[in-house]
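Presented below is the structure to which this report refers.
Residue numbers (the numbering used here): 141 to 809.
Printed below as a string of structure tokens:
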């Protein structure tokens with residue numbers, strides 16, 4: 141067994157364990173068993189093991205849950221006011237049973253645990269709406285203060301039978317910077333108003349005092365009030381729909397259907413997904429590049445993945461995800477409170493990555509992620525004081541740098557186990573925006589969550605300009621130009637941004653905004669130095685970049701973490717978001733696919749030569765490939781290449797690595 145020392149001083153295997161070594165690891169006790177204790181027994185079945193239910197009723201119940209969830213989200217989208225909620229759709233709904241288990245699989249959601257911890261079920265009444273956004277009292281379900289969460293209990297014959305919940309990213313909840321995401325925060329107290337679980341509506345009567353306190357702390361009080369009203373009303377509507385379901389079929393049968401839905405998910409993942417991962421132990425790590433306070437450096441996030449054929453539900457397979465080796469908590473706001481309720485939120489956040497192991501892409505799209513995945517996964521956290529186990533009051537507003545990176549770390553460590561049959565990396569969320577005063581002298585704030593390219597896959601290129609949040613989107617130009625003092629002069633694909641590969645990474649955005657009044661630009665983004673990695677010979681994509689006044693006399697690069705970069709009227713802000721990593725050797729990409737990329741404008745003529753070894757002439761409308769010259773150039777490139785690591789991190793990694801190495805020890809198979 142070989143080993144490497146992590147920055148935190150731990151020693152971990154980088155090759156699969158077996159025999160006595162593996163048995164000893166599995167027998168070890170998980171450290172730091174997580175968090176604030178939920179004052180309610182949770183996570184159990186609602187009906188005895190072996191309870192049967194009509195399969196037709198299961199389909200009806202499952203369809204009703206999905207329909208209610210979608211109806212709640214549609215109502216929020218149509219009645220909210222802020223651009224982030226109404227137009228960008230950065231919010232989610234979820235339905236949970238009385239054992240606090242997430243029943244729906246269309247989207248991820250927050251947790252009900254902190255509500256029942258502070259408000260026992262027997263004290264709840266029909267028409268109650270609970271609210272919270274306190275990161276440190278959310279039991280891992282809320283990552284930063286702008287994510288506001290409302291929870292409504294559902295009643296049947298006077299008893300709580302399930303919950304409807306919605307949480308979303310709101311424009312402003314106070315704090316040191318507009319948008320409540322100060323990039324240089326060193327304490328959660330700088331990030332905005334933190335509200336522990338409260339009863340916001342009491343039996344149908346809103347708590348006006350609490351609402352006034354929250355709106356008074358916001359720079360956008362009218363939008364915040366309208367959004368909260370939309371979310372509360374939509375969840376109350378969803379509760380009525382679910383009460384009708386219980387009234388129609390009875391509590392016993394509906395709860396039996398709930399158990400069956402989750403049991404089916406557990407069985408599907410056990411049979412179709414976990415079976416694809418060979419037993420053993422695998423290690424990989426990736427990094428956030430800066431925290432807004434210290435100089436850019438490698439903030440390590442490490443996963444040791446252990447797969448066993450036994451030890452899971454029914455003594456079937458299980459996964460152990462061990463975060464030991466993750467770096468110490470940062471001074472700046474990139475920490476994430478993950479070590480609560482056994483990592484319940486993170487299990488459901490990370491599980492969609494496992495769907496890439498499905499037999500076909502079509503099957504992958506059919507698989508839901510609900511509480512049924514939770515029993516299959518055990519999480520082991522390091523002691524308090526790391527990026528994933530921060531100590532109050534560590535700041536957390538840019539925790540996306542950690543939870544997004546963990547998606548990639550899990551994809552990478554699984555890729556090592558399955559010979560690369562996982563997608564390359566993507567970074568499909570970052571916050572950009574402008575603020576100032578409009579032509580009427582009134583303050584405005586425009587926040588946007590622009591996506592990026594997804595990673596190339598073993599069977600296809602990555603997708604362009606996607607967003608990790610389902611159904612989220614960029615803000616419509618017609619809307620922003622009518623509301624804010626700027627013009628959108630370009631919104632298109634960032635040429636050559638996708639990582640080269642046999643299957644190319646998806647492209648990011650290129651957006652140009654021309655300011656009509658003086659204002660300020662803000663950005664909360666990662667991957668401006670460290671690119672999205674390529675896998676199995678694929679190359680890294682292009683990183684995030686913001687340039688003000690490109691080609692003009694005041695041209696300047698803006699740091700990816702910026703709260704108040706001045707912009708003068710007439711200047712252009714150029715935003716280029718990340719491209720996904722490539723999959724497989726780019727010298728193996730067929731010439732006709734490179735020609736198509738040239739024709740579509742996704743790859744430039746210089747990119748075709750430099751990245752793919754393809755010699756092309758002509759124009760974008762009529763590119764002409766010189767097959768003989770391309771074959772000669774590709775052969776020359778192969779001779780010069782030498783051994784390459786399994787993962788390609790791009791040139792930014794060597795810049796931040798103290799040793800100057802271009803690859804980490806864990807990047808090799």
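Cβ coordinates follow ideal geometry from the N, Cα and C atoms, glycine included. Note that this is a predicted model, so its numbers are computed, not measured.
If you draw a straight line from the Cα of residue 746 to the Cα of residue 528, it comes to about 42 Å.
Residue pairing for residue 583: DSSP places it in a beta bridge opposite 577. Taking C-beta atoms as the reference points, residue 793 and residue 716 fail to come closer than 9 Å. Following the DSSP letters along the chain, one finds residue 517 in no alpha helix (DSSP H) but inside the beta strand (DSSP E) bounded by residues 517 to 520. Judged by DSSP in its simplified three-state form, residue 403 adopts helix. Take residue 539, set aside five residues on each side of it, and the residues of its chain with a beta-carbon closer than 7 Å to its own are 283, 284, 474, 475 and 476, in chain order. Distance from the CA of residue 254 to the CA of residue 315, rounded to the nearest whole angstrom, comes to 23 Å. Per the DSSP secondary-structure output, residue 306 pairs in a beta bridge with 233 and 290. When DSSP states are grouped into helix, strand and coil, residue 341 belongs to the strand group. Put simply, the backbone Cα of residue 760 is about 14 Å away from that of residue 733. In this structure, residue 222 places its C-beta atom within 9 Å of the C-beta atom of residue 367. Here residue 687 is bridged, per DSSP, to 697 and 714. Secondary structure note for residue 673: it is in no beta strand (DSSP E), with a DSSP letter that is neither H nor E. Fewer than three beta-carbon pairs drawn from the stretch 777 to 784 and the stretch 662 to 674 are found closer than 8 Å, and the two stretches are therefore not classed as touching. Under DSSP, residue 706 shares a beta bridge with 660.
One thing to note: residue 279 has its Cβ within 9 Å of the Cβ of residue 481. The Cβ neighbour count for residue 488, taken over all protein chains shown within 10 Å, is at least 16; the residue is labelled buried. Residue pairing by DSSP puts residue 424 in a beta bridge opposite 443.
Under DSSP, residue 419 shares a beta bridge with no residue. Look at the beta carbons and you see the stretch 709 to 724 touching the stretch 643 to 658: at least three pairs across the two are nearer than 8 Å. Residue 730 and residue 679 do not touch by the CB rule: their CB atoms are close to 17 Å apart, not below 8 Å.
Under the 10 Å beta carbon count, residue 753 is surrounded by 16 or more other beta carbons and is classified as buried. Scanning its chain for C-beta atoms nearer than 6 Å, with the 5 sequence neighbours on each side dropped, one finds around residue 567 the residues 592, 667, 672 and 718, in chain order. In this structure, the CA atom of residue 515 is about 10 Å from the CA atom of residue 457. Closest in alpha carbon position to residue 289, among 225, 243 and 613, is 225.
As the crow flies, the alpha-carbon of residue 337 is around 5 Å from that of residue 271. In this structure residue 445 does not touch residue 409 by the C-beta definition: roughly 15 Å separates them, more than the 8 Å allowed.
Residue 788 is bridged by DSSP to 674. Note on geometry: alpha-carbon atoms of residue 219 and residue 381 lie some 18 Å from one another. When beta bridges are read from the DSSP output, residue 525 appears opposite no residue. Annotation for residue 525: 468, 469 and 531 place their beta carbon closer than 8 Å to its own, counting only its chain and skipping 5 residues before and after. Per DSSP, residue 773 is one residue of the alpha helix (DSSP H) stretching across 767 to 781. Residue burial is scored here from C-beta neighbours: residue 195 has fewer than 16 other C-beta atoms within 10 angstroms and is therefore classed as exposed. Taking residue 375 as reference, the option from 306, 206, 701 and 258 with the minimal CA-CA separation is 306. For residue 257, same chain residues with a beta-carbon under 6 Å away, outside a window of 5 residues either side, are 178 and 179 in chain order. DSSP, read as helix, strand or coil, puts residue 649 in strand.
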